[in-house]
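Below is one structure, written out as structure tokens; the observations come after it.
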Amino acid sequence: MSHVVKVALEVKDLDSLRQAASLLGLEFVEGQTAYKWYGRSIGDYPLPEGLTSADLGTCDHALRIPGNPSAYEVGVKRNASGSYSLLWDFWQGGYGLQAAIGQNGGLLKQAYACRVAAKNYATKGYRVNVVKGENGTMQVIASK
Amino acid sequence: MKKITVTVTPDGETSIKTEGFKGPECKAATADLEKALGKVTSDIATPEMHYHGDSKTTHKQ
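These protein sequence lines map, in sequence, to chains X and U.
Take the position in the first sequence, starting the count at 1, then add 23; the result is the number in the working numbering.
Just so it is clear: in the second sequence, position 30 is 18 by the working numbering, and no numbers are missing.
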């Protein structure tokens, strides 16, 4: 081993997000400017950093579950830094959304991180394998 | 063989481990990915990291 790094994920690559969404059965809708949610904030949960209640429901793109018109959607909202926030309403599990993206969006983040890693090393000439680990973990193994 | 393992939990927690690199080469191998993924929250060097190439020592008695 040489070094071990931990990273706090930020969504920066929309192509990888699109691919990750597709892996989970979600559709990336480019340019959709409003995502489906309850419709108003009742203030029972803190807002994401940098956002106000006026920002809720608005986005630059969206993720939705095709064939499930009742499900809430994920808003993909560009931040001032150039990265994207993922916004969704998890009330009643988002009527199916939470099952697709995981608790706190964990499955979507996992799929996204794996896509970014695989893409990064494939373009650098590494042999890349994506494998399932224990307890639901995924591993991207790059070697040369 | 040089190997990089990126492990992602179902919560999205991400860690990157390198093996088979000499000295600070491991840092260069993960720098682009770290930037692409987000913000590094911890970075722990392992014994192999501190190798800086072959060295010869002479012992005098």
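Ideal Cβ placement from N, Cα and C applies to all residues, glycine included.
Note to self: Does the contact criterion of 3 or more C-beta pairs under 8 Å hold for the stretch 19 to 27 of chain U versus the stretch 47 to 61 of chain X?
What the structure shows: Under the Cβ criterion (8 Å, minimum of three pairs), the stretch 19 to 27 of chain U does not count as touching the stretch 47 to 61 of chain X.
Notebook entry, point to check: Three-state secondary structure (DSSP) at T45 of chain U?
Noted result: Position 57 of the second sequence holds residue 45 of chain U. Confidence at T45 of chain U is low in this model, with a pLDDT of 41, below 50, so the placement of that residue should be treated as unreliable; the coordinate-derived value is given next. In the structure shown, T45 of chain U sits in coil (DSSP, three-state: anything other than H, G, I, E or B).
Next item on the list: Assign N158 of chain X to one of three DSSP states: helix, strand, or coil.
Entry: The residue labelled residue 158 of chain X in the question sits at position 135 within the first sequence. In the three-state reduction of the DSSP assignment, N158 of chain X falls in the helix class.
Notebook entry, point to check: For D67 of chain X, which residues in chain U fall below 9 Å Cβ to Cβ?
Noted result: By one-based count along the first sequence, residue 67 of chain X stands at place 44. Within chain U, no C-beta atom comes less than 9 Å from the C-beta of D67 of chain X; the nearest is roughly 22 Å away.
Note to self: Contact between the stretch 65 to 76 of chain X and the stretch 125 to 144 of chain X is defined here as three or more beta-carbon pairs at a separation below 8 Å; is this criterion met?
What the structure shows: Fewer than three beta-carbon pairs drawn from the stretch 65 to 76 of chain X and the stretch 125 to 144 of chain X are found closer than 8 Å, and the two stretches are therefore not classed as touching.
Notebook entry, point to check: So with Cβ pairs under 8 Å, would you call A24 of chain U a contact of chain X?
Noted result: Position 36 of the second sequence, counted from the first residue, corresponds to residue 24 of chain U. Interface residue, yes.
Checklist line | Nearest neighbour of L32 of chain X, chosen from X:S106, X:G119 and X:G117 [CA to CA] | finding: Taking the first sequence and counting its residues from 1, one reaches residue 32 of chain X at position 9. When the alpha-carbon of L32 of chain X is set against those of X:S106, X:G119 and X:G117, the nearest one is in X:S106.
Check: Since T6 of chain U contacts S25 of chain X with CB under 8 Å, what's their CB separation in whole angstroms?
Finding: Residue numbering aside, residue 6 of chain U sits at position 18 when the second sequence is read from its first letter. Residue numbering aside, residue 25 of chain X sits at position 2 when the first sequence is read from its first letter. Contact check for T6 of chain U and S25 of chain X: beta-carbon distance about 4 Å, within the 8 Å limit, so the pair qualifies.
Note to self: Measuring only the C-alpha atoms, how far is V151 of chain X from G62 of chain X?
What the structure shows: Taking the first residue of the first sequence as 1, we reach residue 151 of chain X at position 128. Taking the first residue of the first sequence as 1, we reach residue 62 of chain X at position 39. Rounded to the nearest whole angstrom, the C-alpha separation of V151 of chain X and G62 of chain X is 43 Å.
Note to self: 8 Å is my cut-off, CB to CB: does V33 of chain U come that close to chain X?
What the structure shows: Sequence index remark: in the second sequence, residue 33 of chain U carries index 45 (1-based). Before going on, a small fix: residue 33 of chain U reads as Ala here, not Val. Closer than 8 Å: yes.
Checklist line | Simplified DSSP assignment, three categories, for S30 of chain U | finding: Start at 1 with the first residue of the second sequence, and residue 30 of chain U comes out as number 42. In the three-state DSSP reduction, S30 of chain U falls in the strand class (E or B).
Item checked: CB contact flag (G73 of chain X, N102 of chain X, <8 Å) -> Position 50 of the first sequence, counted from the start, is the residue given in the question as residue 73 of chain X. Position 79 of the first sequence, counted from the start, is the residue given in the question as residue 102 of chain X. Yes, these two residues count as a Cβ contact at 8 Å.
Checklist line | Where N152 of chain X sits in the DSSP three-state scheme | finding: One-based indexing of the first sequence puts residue 152 of chain X at position 129. It is a strand residue.
Item checked: Under 9 Å from the C-beta of I164 of chain X: neighbouring residues of chain U -> On the first sequence, residue 164 of chain X is found 141 positions in, with the first residue counted as 1. Contact of I164 of chain X with chain U by beta-carbon distance below 9 Å involves K(-9), I(-8), T(-7) and V(-6).
Next item on the list: Flag this pair as yes or no: are the beta carbons of A44 of chain X and L86 of chain X separated by less than 8 Å?
Entry: Numbered from 1 along the first sequence, position 21 holds the residue referred to as residue 44 of chain X. Numbered from 1 along the first sequence, position 63 holds the residue referred to as residue 86 of chain X. Contact check for A44 of chain X against L86 of chain X passes: the beta carbons are separated by less than 8 Å.
Next item on the list: Grab me the residues of Y170 of chain X's own chain with a C-beta within less than 7 Å of its C-beta, minus the 5 sequence neighbours each way, in chain order.
Entry: The requested residue 170 of chain X is not part of the displayed model; chain X covers only 24 to 167.
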